[in-house]
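As structure tokens, the structure follows; a few thoughts come after it.
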Amino acid sequence: MAFQRLTGMRILAALPIAFCLALLIILENPFHRALVVAALVLLEVLRDAISMGEAASSTADALKEVELMRSGRLQKSKQK
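Note that this note's numbering has the sequence shown beginning at 212, numbered continuously upward.
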């Protein structure tokens, strides 16, 4: 379920990026362009945070599985 939520967040993050790129093309004022670039940087930082959270979640799941395998519980639960 968490993976689906993160994927949805990535899709939602792509729309503002496209909007910001369109603003960069349209706007002529350097100050406004700088604000748009700052927004793009913020969006990329958020996307990186989402990716890092997803990687941490899958790493935590893998570590739990390794711990279960070491204790032998995983093999017993698969036999049932």
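In this text, a Cβ means the ideal position worked out from N, Cα and C, and glycines have one as well.
Counting C-beta neighbours from all protein chains within 10 Å, is the total for residue i 16 or more, i.e. buried, or is it exposed?
i, result
"Val247", "buried"
"Leu223", "exposed"
Can you tell me which of the options puts its alpha carbon nearest to the alpha carbon of residue i?
i, options, result
"Thr218", "Leu234, Ile261, Leu235", "Ile261"
To the nearest angstrom, how far is the alpha carbon of residue i from that of residue j?
i, j, result
"Ala245", "Gly264", "29 Å"
"Ala266", "Ile228", "23 Å"
"Ala271", "Leu279", "12 Å"
"Ser282", "Ser269", "20 Å"
"Glu276", "Glu255", "32 Å"
"Leu274", "Phe242", "48 Å"
Spatial neighbours of residue i within its chain, please: CB distance less than 8 Å, with the 5 preceding and 5 following residues excluded, ordered by chain position.
i, result
"Asn240", "none"
"Leu238", "Arg244, Val247"
- Please determine if the segment 250-269 and the segment 220-236 are in contact, where contact requires at least 3 C-beta pairs separated by less than 8 Å. yes
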